[in-house]
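Numbering (our numbering), first residue to last: 117 to 429.
Glycine included, each C-beta is placed from N, C-alpha and C at the ideal position.
Right, one structure below, let's go through it.
This is the structure:
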């Protein structure tokens, strides 16, 4: 096993609650950054009045709840996303932000046991077009009927769908799909042997891995989107020692937060430290090192290395 994995997995198994940690993971190039330009996107939330029960009808008329969960000053999409991306992606209301409309014929007449997400999308887009609303992203809130999900998102794309009472965890998960993130997987690697890894559920380390809104996106997701600032990423290909700061340290904190170690022509390992930091990663209960395996620098499809079935990542 390469020095990177021996050291990093040892730290991971130890759990390291420290503010920063050192790992023998390679000495190499100067810190590098791959940074996207800051973007502000206009979001329109369309609440379709197709409730089939009194509860659904009441919830679909509750614009205050939807406005708060999407655009409120705290515990909302508008607060969560710029905090996690350090201001590189923000969402603001498109026009008023919240729009109510009746279902189109396809949605109104569809089987109550069916899942009519396409008809709901068409209803929302047609309503916004009729109003002349310019938007970058649309959230469709409706009585989902027979849909077997708590949220749905194009991957990548601009549309997300929700039942009448969406959670913030569902919202940031579906907006993650819009960014192109799939569900983030975990593999158990017995005794930290990379040749003995078995797929095991989701990572639990990001909203995309069933971690909920109490955890930020993972380092590999940030790398995919270009949300790693200059000086936060160091690339390595030979032995050495680095100090890592927690991934979501304040922007005023300098130093490496992500290490990408090149193990072969196609395989790299990405290392991060996760710990609560302000309003981000508040649900991290086991602070410490996380290691991802990445093939062909396809960061969005990386998987979390769990160094033993005894340990929950």
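Have a look at residue i and residue j and give me their C-alpha separation to the nearest angstrom.
| i | j | result |
| --- | --- | --- |
| residue 164 | residue 175 | 11 Å |
| residue 236 | residue 384 | 42 Å |
| residue 392 | residue 372 | 17 Å |
| residue 418 | residue 331 | 17 Å |
| residue 219 | residue 263 | 16 Å |
| residue 387 | residue 243 | 45 Å |
| residue 323 | residue 226 | 32 Å |
| residue 126 | residue 405 | A caution first: residue 126 carries a pLDDT of 41, below 50, which makes its placement in the model too unreliable to give a value. |
| residue 224 | residue 245 | 20 Å |
| residue 200 | residue 285 | 13 Å |
| residue 369 | residue 162 | 40 Å |
| residue 203 | residue 154 | 7 Å |
| residue 300 | residue 257 | 25 Å |
| residue 319 | residue 298 | 12 Å |
| residue 231 | residue 260 | 7 Å |
| residue 166 | residue 321 | 36 Å |
| residue 282 | residue 186 | 10 Å |
| residue 398 | residue 234 | 36 Å |
| residue 183 | residue 306 | 46 Å |
| residue 293 | residue 326 | 13 Å |
| residue 348 | residue 208 | 28 Å |
| residue 343 | residue 350 | 14 Å |
| residue 158 | residue 357 | 43 Å |
Going by DSSP, which residues form a beta bridge with residue i?
| i | result |
| --- | --- |
| residue 288 | Partner(s): none; residue 288 has no beta bridge. |
| residue 304 | 314, 422 |
| residue 388 | 374, 406 |
| residue 282 | Residue 282 pairs with nothing; no bridge assigned. |
| residue 151 | 343 |
| residue 223 | Residue 223 is not bridged to any residue. |
| residue 253 | 159 |
| residue 411 | 383 |
| residue 276 | 255, 269 |
| residue 400 | DSSP output for residue 400 lists no bridge partner at all. |
| residue 260 | Looking at the DSSP assignment, residue 260 forms no beta bridge with any residue, so it has no partner. |
| residue 216 | 163 |
Using a threshold of 8 Å, is the CB atom of residue i nearer than that to any non-hydrogen atom of the ligand ATP?
| i | result |
| --- | --- |
| residue 181 | As for the ligand ATP, it is missing from this structure, which has no ligand bound. |
If you reduce the DSSP assignment to three classes, tell me which class residue i lands in.
| i | result |
| --- | --- |
| residue 320 | coil |
| residue 209 | strand |
| residue 157 | strand |
| residue 393 | strand |
| residue 196 | helix |
| residue 187 | helix |
| residue 352 | strand |
| residue 357 | coil |
| residue 182 | helix |
| residue 338 | helix |
| residue 70 | In this structure the chain extends from 117 to 429, so residue 70 is not present and cannot be described. |
| residue 325 | helix |
| residue 239 | helix |
| residue 204 | coil |
| residue 229 | coil |
| residue 369 | coil |
| residue 331 | coil |
| residue 363 | coil |
Within a Cβ cutoff of 6 Å, which residues of the same chain sit near residue i, ignoring the five residues on either side of it in sequence?
| i | result |
| --- | --- |
| residue 290 | 267, 269, 276 |
| residue 336 | 386, 408, 415, 418 |
| residue 249 | 160, 210, 211 |
| residue 198 | 206 |
Under 8 Å Cβ to Cβ from residue i, same chain only, skipping five residues before and after it: list those, please.
| i | result |
| --- | --- |
| residue 82 | The question about residue 82 has no answer, for the chain in this structure spans 117 to 429. |
| residue 151 | 204, 342, 343, 344, 345, 346 |
Among residues of its own chain, excluding the 5 on either side of residue i, which ones have a beta-carbon nearer than 7 Å to its beta-carbon?
| i | result |
| --- | --- |
| residue 196 | 284, 288, 329 |
| residue 382 | 411, 412 |
| residue 400 | 331, 390, 391, 392 |
| residue 191 | 284 |
| residue 380 | none |
| residue 395 | 199 |
| residue 241 | 254 |
| residue 156 | 206, 208 |
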